[in-house]
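Residue -2 is where the sequence shown starts when you use the numbering used here, and the numbers rise one by one after that. Where is the CB? At the ideal position from N, CA and C, for every residue including glycine.
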Amino acid sequence: MQGRFLVFEGPDGAGKSSQLERLAQRVEGLGREVVRLVEPTHGPIGSEIRRRAQQGPPLSAQEELDLFVEDRRGNVRDAIEPALARGAVVIQDRYFYSTAAYQAARDELGLSPAEVLELHAWAPRPDRVLLLDLPTEVGLARVAERGAGDAFEREDRQRKVREHFLAMAEGDPAFRRVDASRPRDAVAAAVWAEVADLFGEEDA
């Protein structure tokens, strides 16, 4: 059975983790093995990225980019590629598209999203990228409600992040934009509609 690679992307507060779990359960209901992943990972490098973002001292733009790429190489080698090789469905919260959007929004290295994507020419491409999109102020309000604000969530940067995601979506046929400002059930239904064909479930 062919492995599938699905990625959730989008600004903070879009509901990626909850929608990932809903989709994972639905795919498991079809009898498929599902591997749930997240970037930054929970390994040593990914954990350091999270710690520095939340507690400081802040990473420089170059340090941040280098750590994300190193963390991702390990994730691809140790988790994504083995799962796909055995026919599993990999569903991941964030991938190199997030690095492209956030680094370009940070603007300290002068890199465009396209240039960051070029740094990941070695990485496997997803079958679908589910871009959960919503207005910046809505996403930040959700983040504030859960008390999870950190260095990644300053409003001006988040607006740029959203713009970069939307621009990438226009140029990549793997992207599917989903309006994440709607109720969770409606978002879940829209997500499934965008991936059902990968599982022979177009009419489900």
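Distance CB(residue i)-CB(residue j) smaller than 9 Å
i: alanine 187; j: aspartate 176; result: yes
i: leucine 62; j: glutamate 45; result: no
i: alanine 80; j: glutamate 6; result: no
i: alanine 58; j: leucine 114; result: no
i: leucine 3; j: leucine 195; result: yes
Rounded distance between the beta-carbons of residue j and residue i, thought under 8 Å
i: phenylalanine 172; j: valine 140; result: That belief does not hold up - the Cβ atoms of phenylalanine 172 and valine 140 are roughly 23 Å apart, past 8 Å.
i: glutamate 36; j: tyrosine 92; result: 6 Å
i: valine 158; j: alanine 85; result: The pair is not a contact, with the Cβ atoms about 30 Å apart (cut-off 8 Å).
i: isoleucine 77; j: leucine 20; result: That pair is no contact at about 17 Å.
i: alanine 120; j: arginine 69; result: 7 Å
i: glycine 43; j: valine 184; result: Rounded, the Cβ-Cβ distance is 26 Å, inconsistent with contact.
Residue i - partner residues in DSSP beta bridges
i: arginine 125; result: Leu3
i: aspartate 130; result: Asp176
Residue from the options whose Cα sits closest to the Cα of residue i
i: glutamate 67; options: Asp124, Glu160, Thr38, Gln16; result: Thr38
i: glycine 0; options: Val24, Gly10, Ser15; result: Val24
i: serine 14; options: His161, Val73, Leu128; result: Leu128
i: tyrosine 99; options: Phe162, Gly136, Arg83, Asp124; result: Phe162
i: tryptophan 189; options: Arg103, Leu17, Gly12, Leu56; result: Leu17
i: histidine 156; options: Asp104, Pro132, Ser178, Ala164; result: One detail in the question is off: residue 156 reads as arginine in this sequence, not histidine. That would be Pro132, whose Cα lies nearest to the Cα of arginine 156.
Any non-hydrogen atom of the ligand GDP within 8 Å of residue i CB
i: arginine 173; result: Looking for the ligand GDP in the displayed structure turns up nothing, as the structure carries no ligands at all.
* **Continuous alpha helix (DSSP H) assignments of at least 4 residues falling wholly in the stretch 26 to 107** => 41 to 52, 58 to 72, 78 to 82, 93 to 103
* **Segments assigned alpha helix (DSSP H), at least 4 residues, entirely inside the stretch 154 to 201** => 181 to 192
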